[in-house]
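Using this note's numbering, read the sequence shown as starting at 1348 and increasing by one per residue. Just so it is clear, CB atoms sit at the ideal spot from N, CA and C, and this is done for glycine as well. These numbers come from a predicted model, not from an experiment. A short worksheet on the structure shown next.
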Amino acid sequence: MADQSVVSAESRRSAPLVLWAAAFVVLTAIVAATAEAGAWFVPFIVGVVAGVASLHWRRMVLLAVAASLAGWAIPIWILALRGLPSGATARGIAALAGLPPYATVTVVATLLLAALQALAGAWLTRALVPPGRRVGGG
1348 MADQSVVSAE SRRSAPLVLW AAAFVVLTAI VAATAEAGAW FVPFIVGVVA GVASLHWRRM
1408 VLLAVAASLA GWAIPIWILA LRGLPSGATA RGIAALAGLP PYATVTVVAT LLLAALQALA
1468 GAWLTRALVP PGRRVGGG
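Structure, rendered in C-alpha cells:
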C-alpha cells in the first residue's frame, strides 16, 4: 500500500513538468514557424497569452520568453545550417544598426528583441487586467 502512494506522489510531481515541456515545445514551434514566415510580432502575442495565463499559473511569462528565444533562434540556426550567408547578412545588419560588425552581436540583439517582445506583451496584459480579476492576489 505504501508503494502506491509513493508512485502516485511521483507521478503528481512529474505531470506538471511534462505539461510545461509540452507547452514549451508547442510555443517554440509556433514562434519558429511564424518567424520563418516573416511574422516577427508573434513573440508579443505569445507574451500577451502568457500574461493572461500567468494570472492562474506561475512562471508562464518565463516559459513564453524562453519559447520566444528558442523560436527565433531555430530559423537563424537553420539558415546557417543550409549554408546561406547568415553571418555576412548579420554583419551587414549590425553595420547599418550602428552595432559592432560581428554576427554574434546581431544574433544576440535579435534574440533579445524576441525576449523583450514577449515581456512587453505580458506586462501590457498584466497592466490592463483589473486588480479585482487577478487570481491569488497577483
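Check whether residue i and residue j have beta carbons under 8 Å apart
| i | j | result |
| --- | --- | --- |
| A1467 | F1391 | yes |
| P1448 | A1441 | yes |
| R1473 | G1398 | yes |
| V1454 | L1402 | no |
| W1419 | L1443 | no |
| A1462 | V1412 | yes |
| L1410 | A1369 | no |
| A1414 | V1393 | yes |
Euclidean distance between Cα positions of residue i and residue j
| i | j | result |
| --- | --- | --- |
| G1445 | I1423 | 21 Å |
| V1395 | T1375 | 15 Å |
| T1436 | A1465 | 25 Å |
| T1430 | I1377 | Note on identity: in this sequence residue 1430 is Gly, with Thr being the wrong assignment. One C-alpha to the other measures close to 24 Å. |
| W1404 | A1450 | 37 Å |
| G1484 | A1400 | Note that G1484 has pLDDT 49, beneath the 50 cutoff, so the model's placement of it is unreliable and the number below is only indicative. Computed Cα separation, rounded: 14 Å. |
| G1439 | V1452 | 11 Å |
| L1364 | P1432 | 38 Å |
| V1373 | L1366 | 10 Å |
| L1460 | L1471 | 16 Å |
| G1434 | A1382 | 18 Å |
Own chain residues within Cβ distance below 7 Å of residue i, not counting five before or after
| i | result |
| --- | --- |
| A1417 | T1375 |
DSSP three-state assignment for residue i, whether helix, strand or coil
| i | result |
| --- | --- |
| V1452 | helix |
| W1470 | helix |
| L1402 | coil |
Same chain, Cβ closer than 6 Å to residue i, neighbours up to 5 away in sequence not counted
| i | result |
| --- | --- |
| M1407 | A1397, A1400, S1401 |
| A1469 | G1394, A1397, G1398, V1408 |
| I1421 | A1379 |
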